[in-house]
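Here my numbering is used: position 205 in the sequence shown is 763, and no number is missing along the way.
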Amino acid sequence: MNQEALLSWYRRVQRPLPWRLNPSPWSILLSEILLQQTQMERGILYHQKLLNRFPTIQSMAESSVDEVLLLWQGAGYYSRARRLHALSIEVMEHYGGTLPDTYDELLKLPGVGPYTAAAVSSIAFSRPVACVDGNIRRVMARQTNQENPSAKEVQTFADEQLAVEFPGDWNQAMMELGALVCRPKKPNCIECPIQESCLGIERAHELPLPRKLVKKDVSMDCVVRLDSLGRPELIQRPDSGLFAGLWGPDYDTTLDTDGLDFLGTIQHQLSHRRLIVKVWKGSSEKGTNPNEVALSTLDRRVLNLAGVLLDIP
Ligand code: SF4
Numbered sequence: 559m560n561q562e563a564l565l566s567w568y569r570r571v572q573r574p575l576p577w578r579l580n581p582s583p584w585s586i587l588l589s590e591i592l593l594q595q596t597q598m599e600r601g602i603l604y605h606q607k608l609l610n611r612f613p614t615i616q617s618m619a620e621s622s623v624d625e626v627l628l629l630w631q632g633a634g635y636y637s638r639a640r641r642l643h644a645l646s647i648e649v650m651e652h653y654g655g656t657l658p659d660t661y662d663e664l665l666k667l668p669g670v671g672p673y674t675a676a677a678v679s680s681i682a683f684s685r686p687v688a689c690v691d692g693n694i695r696r697v698m699a700r701q702t703n704q705e706n707p708s709a710k711e712v713q714t715f716a717d718e719q720l721a722v723e724f725p726g727d728w729n730q731a732m733m734e735l736g737a738l739v740c741r742p743k744k745p746n747c748i749e750c751p752i753q754e755s756c757l758g759i760e761r762a763h764e765l766p767l768p769r770k771l772v773k774k775d776v777s778m779d780c781v782v783r784l785d786s787l788g789r790p791e792l793i794q795r796p797d798s799g800l801f802a803g804l805w806g807p808d809y810d811t812t813l814d815t816d817g818l819d820f821l822g823t824i825q826h827q828l829s830h831r832r833l834i835v836k837v838w839k840g841s842s843e844k845g846t847n848p849n850e851v852a853l854s855t856l857d858r859r860v861l862n863l864a865g866v867l868l869d870i871p
């Protein structure tokens with residue numbers, strides 16, 4: 559693969575993302591955690607919101623997890639917010655408030671997996687570690703003309719290709735290529751800076767073969783109980799499980815719906831399952847202001863269906 563061509567392409571076309579314009583280890587870490595499961599546009603929005611409120615690791619460590627969750631509302635995968643808060647405390651307690659600068663040390667922190675540790679150590683600290691994610695797997699499968707490369711094969715490819723003198727730019731270049739040119743559908747091979755070494759170019763659009771994901775349907779009932787002011791009764795969910803730590807109306811798989819009004823059904827897609835939620839309305843004497851607590855996107859949809867007025871998160 560022509561490393562120079564890819565690097566100079568990246569330096570020419572890279573998107574002016576906030577964490578590239580004003581890089582700091584904390585800002586880069588936030589971006590990597592957000593972008594794993596949130597689309598770029600939303601990721602930028604949440605990155606800005608979080609960084610405004612928590613400009614330093616210390617400021618997050620001194621806040622409550624509920625405040626982090628409140629800002630995280632709508633970004634999904636809320637366990638990330640909880641782990642990020644735990645990470646900030648850990649960094650204050652064990653690293654004097656400074657993010658560690660090696661892959662191995664980063665990997666020990668809450669919520670930091672191999673991908674994030676590789677991204678942060680290479681981009682923020684120029685450590686020669688290769689990142690592997692879905693983008694890299696796709697580029698690798700196409701460059702080597704393989705239908706279903708194993709995780710180990712992808713890692714070996716990434717390690718071998720890494721431009722060790724510019725690991726941060728290199729990893730970002732590979733990911734930028736996957737996002738902008740070697741896209742899942744309709745790869746733009748004509749514009750590709752590494753097309754000369756691409757063995758799968760003739761059938762790029764079908765590589766790699768899609769992984770079969772078994773998506774399960776889970777049916778649930780949910781009752782929104784409103785008080786006389788139209789405020790819903792909300793409970794805080796336990797610290798583990800679905801929507802851990804967030805607030806919402808009660809869900810049940812065996813709800814007694816006698817005397818409740820049926821409002822409709824909501825389908826909500828999670829990564830490996832689809833929730834099919836029947837929503838009912840009842841009454842309560844102890845409503846909560848829903849705009850003062852963190853809610854999941856699903857619960858916001860449920861409350862909307864029950865006519866509860868919500869601020870935009
Ligand atoms: S030539 Fe096409 S398929 Fe090959 S790496 Fe470039 S964009 Fe991807």
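Note that the Cβ used here is the ideal one computed from N, Cα and C, for glycine as well.
- Between the ligand SF4 and R700, a heavy atom-to-CB distance of less than 7 Å is present.
- The C-alpha of F820 lies about 10 Å from the C-alpha of A864.
- DSSP, read as helix, strand or coil, puts R769 in coil.
- In the structure shown, the three-state DSSP call for R569 is helix.
- Looking only at V860, P745, I752, the smallest Cα-Cα distance to R783 is reached by V860.
- Taking non-hydrogen atoms of the ligand SF4 into account, the C-beta of I694 is found less than 7 Å away from none of them.
- Remark: C-beta atoms of E590 and V687 do not approach each other more closely than 8 Å.
- Distance from the C-beta of V739 to the nearest heavy atom of the ligand SF4 is below 7 Å.
- A direct Cα-Cα distance of roughly 24 Å separates A721 from L765.
- When distances are taken from the beta-carbon of Q595 to the heavy atoms of the ligand SF4, even the shortest one reaches 7 Å or more.
- For S854 against L804, the beta-carbon gap comes to about 5 Å, under 8 Å, which counts as contact.
- Placement of the Cβ of G758 at a distance of less than 7 Å from at least one heavy atom of the ligand SF4 is found.
- With a threshold of 16 other beta carbon atoms within 10 Å, M618 meets it and is buried.
- Under the DSSP assignment, D797 falls outside any alpha helix (DSSP H); it carries neither an H nor an E label.
- When distances are taken from the beta-carbon of P745 to the heavy atoms of the ligand SF4, the shortest one is below 7 Å.
- With contacts defined as CB atoms closer than 8 Å, A802 and R640 qualify as a contacting pair.
- For V739, the three-state secondary structure derived from DSSP is coil.
- Residue pairing for I752: DSSP places it in no beta bridge.
- Ranked by how close their Cα comes to the Cα of W838, the residues S829, T823, Q827, E850 have T823 in first place.
- Here DSSP, grouped into helix, strand and coil, assigns F820 to strand.
- Between the alpha carbons of K774 and L813 lies a distance of about 21 Å.
- The straight-line gap separating the alpha-carbon atoms of Q825 and A563 is approximately 46 Å.
- The ligand SF4 approaches I752 closely enough that one of its heavy atoms is under 7 Å from the residue's Cβ.
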